[in-house]
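Note sheet for the following structure.
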Amino acid sequence: MTSPLPISILGGGLAGLTLGIALRQRAVPVTVFEAGYYPRHRVCGEFICGRGIAVLQALGLDRKFTAAGAIEARRASFHSNRRSYAEKTLPRPALCLSRHVMDALLANEFRHLGGQLREGERVAPIEPGPGIVRATGRRLEAGQAKMKWIGLKAHARRVDLSPDLEMHFVPGGYVGLCRLDGGLTNVCGLFAVRGPLPRLAEEWPEFLRGPAGSVLHQRLGQAEFMSDSFCAVSGLDLRPATAVRTRECSVGDALTMIPPLTGNGMSMAFESAAWAVEPLAAYSHGALGWNEAQLGIARRCDRGFGRRLRCAALLQRMLMSRAPRSVLLHLAARVDWLWRAFFDKTR
Ligand SMILES: Cc1cc2nc3c(=O)[nH]c(=O)nc-3n(C[C@H](O)[C@H](O)[C@H](O)COP(=O)(O)OP(=O)(O)OC[C@H]3O[C@@H](n4cnc5c(N)ncnc54)[C@H](O)[C@@H]3O)c2cc1C
Numbered sequence: 004m005t006s007p008l009p010i011s012i013l014g015g016g017l018a019g020l021t022l023g024i025a026l027r028q029r030a031v032p033v034t035v036f037e038a039g040y041y042p043r044h045r046v047c048g049e050f051i052c053g054r055g056i057a058v059l060q061a062l063g064l065d066r067k068f069t070a071a072g073a074i075e076a077r078r079a080s081f082h083s084n085r086r087s088y089a090e091k092t093l094p095r096p097a098l099c100l101s102r103h104v105m106d107a108l109l110a111n112e113f114r115h116l117g118g119q120l121r122e123g124e125r126v127a128p129i130e131p132g133p134g135i136v137r138a139t140g141r142r143l144e145a146g147q148a149k150m151k152w153i154g155l156k157a158h159a160r161r162v163d164l165s166p167d168l169e170m171h172f173v174p175g176g177y178v179g180l181c182r183l184d185g186g187l188t189n190v191c192g193l194f195a196v197r198g199p200l201p202r203l204a205e206e207w208p209e210f211l212r213g214p215a216g217s218v219l220h221q222r223l224g225q226a227e228f229m230s231d232s233f234c235a236v237s238g239l240d241l242r243p244a245t246a247v248r249t250r251e252c253s254v255g256d257a258l259t260m261i262p263p264l265t266g267n268g269m270s271m272a273f274e275s276a277a278w279a280v281e282p283l284a285a286y287s288h289g290a291l292g293w294n295e296a297q298l299g300i301a302r303r304c305d306r307g308f309g310r311r312l313r314c315a316a317l318l319q320r321m322l323m324s325r326a327p328r329s330v331l332l333h334l335a336a337r338v339d340w341l342w343r344a345f346f347d348k349t350r
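Residue numbers are given in my numbering: position 305 of the sequence shown equals residue 308, and the series is strictly consecutive.
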């Protein structure tokens, strides 16, 4: 019997590590190359929402997340600058866990299953080829766009959250607050910036606190930010991408990004990893050619993500403009089926 062909995964974030774990469960030799070291903070709202939770359950990871401090979120509220809307129950509970804990947990699990994890190895751009999976995360916008998306996150203490999640729309962006284990709140925002980038190293707390007089500013009035948890990313490319157009095998954000307000990006990382497992295992064991495996994964991802990416892009555009936002938030707060439809169509 010939030995199984190895798989190399570039990027040890959620998609890369989940794929690595699932492949190791099928005895596939896997190496993950990760530019950074664990544990580390990532810009993320830190709530998992959508079908990816079923992937975690199938891999036996949900119990490990809970043992590591993941908590369920059931209630959410929405605020637009100075105005608050009625609190809503999430149609399905979300799972909240710090990325500092989550990524390290997945890395340990991958190692425990016999995976090779090469931390501190940033892989140079390479030609896509047999056995190589790109899981390098968020795509950065090429060139000099007039408007740039920046993402910021920090953990804070002394935040009085009434539901488990709060979404605050402020001029030019939004900030999500998410209850975490140990009395912490994750504060994470996405902002559209025109012109030169602000001096984020000094100005980030002002961005995350929102304008004076806003509900967000009031909510974070007593907040103590933990500056060692601060991280930022800029120049995000949030335009939906189609997998079959590329010749490479990619999963997670490397494939396409969904607007963060849906809280569905982590779920998509888990889902795309799950869809890649069988074709990659079949390739490794000699039952499928590389091109068929790559194309099969791309088609499955496009089918699974197409509608939700389009709906999320439209929703984000509407929620970033004042008048459509107040109509949408007002309707979603009052009409339950509409709230459920927004939730389901973006997941
Ligand atoms: C502001 C903001 C808020 C968000 N909030 C949420 C939320 O609340 N809920 C949610 O579900 N999603 C959220 N997301 C999205 C979520 O963070 C991503 O979808 C998720 O992290 C994608 O996982 P990934 O594994 O594809 O990428 P990542 O987790 O980014 O991992 C990619 C990894 O690849 C490594 N890497 C990159 N380049 C190389 C290289 N050349 N060589 C080796 N390694 C490399 C990186 O170091 C990183 O570890 C948010 C995103 C943003 C920007």
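Quick reminder that beta carbons are idealized off the backbone N, C-alpha and C, glycines included.
Just so you know, the alpha carbons of Phe308 and Gln319 end up roughly 16 Å apart.
Annotation for Ile129 indicates a beta carbon at 7 Å or more from all heavy atoms of ligand 1. Within a 10 Å sphere around the beta-carbon of Leu93 sit 16 or more other beta-carbons, which makes this residue buried. Runs of the alpha helix (DSSP H) spanning 4 or more residues and lying entirely within the stretch 268-303 occur at 268-287, in chain order. Asp256 sits away from Gly238, with the two beta carbons spaced by 8 Å or more. Contact between Leu283 and Val31 holds: their C-beta atoms lie close to 7 Å from each other, under 8 Å. In the three-state reduction of the DSSP assignment, Thr92 falls in the strand class. In this structure, Ile51 has its beta carbon less than 7 Å from a heavy atom of ligand 1. The residues Arg102, in chain order, have a CB closer than 6 Å to that of Cys47 in the same chain once the five nearest residues on each side in sequence are set aside.
In the same chain as Gly118, and ignoring 5 residues on each side of it, the C-beta atoms closer than 6 Å to its own belong to Gly23, Arg27, Val33, in chain order.
For the set Asn189, Asp65, Arg86, Glu227, the Cα lying nearest the Cα of His333 is the one of Arg86.
DSSP links Glu75 through a beta bridge to Leu98. Where Lys156 is concerned, the enclosing beta strand (DSSP E) starts and stops at 150-160. Straight-line spacing of the CA atoms in Val218 and His82 works out to 7 Å. Shown here, Leu193 sits in a strand according to DSSP, grouped into three states. Boundaries of the beta strand (DSSP E) harbouring Glu227: 227-237, taken from the DSSP string.
Residue range 325-337 is occupied by the alpha helix (DSSP H) that includes His333. Note on Thr265: 16 or more other CB atoms within 10 angstroms of its CB, so buried under the neighbour-count rule.
Distance check between Ala61 and each of Phe346, Arg197, Ala276, His171 places Ala276 closest, using alpha-carbon atoms only. Excluding residues up to 5 positions away in sequence, Pro131, Ile135, Arg137, Gln297 lie with their Cβ nearer than 8 Å to the Cβ of Glu251 in the same chain.
Rounded to the nearest whole angstrom, the C-alpha separation of Ala157 and Val190 is 5 Å. Take Leu200, set aside five residues on each side of it, and the residues of its chain with a beta-carbon closer than 8 Å to its own are Lys151, Ile153, Ser237, in chain order. Annotation for Gln119: the continuous beta strand (DSSP E) segment containing it runs 119-122.
Shortest Cα-Cα distance from Leu183 to any of His171, Leu203, Glu206, Ala159 involves Ala159.
As computed with DSSP, Leu143 is found in a beta bridge with Leu239. Per the coordinates, the alpha-carbon of Val104 lies some 34 Å from the alpha-carbon of Trp293. With a cutoff of 7 Å, Asp256 counts as near ligand 1, since its C-beta is closer than that to a heavy atom of the ligand.
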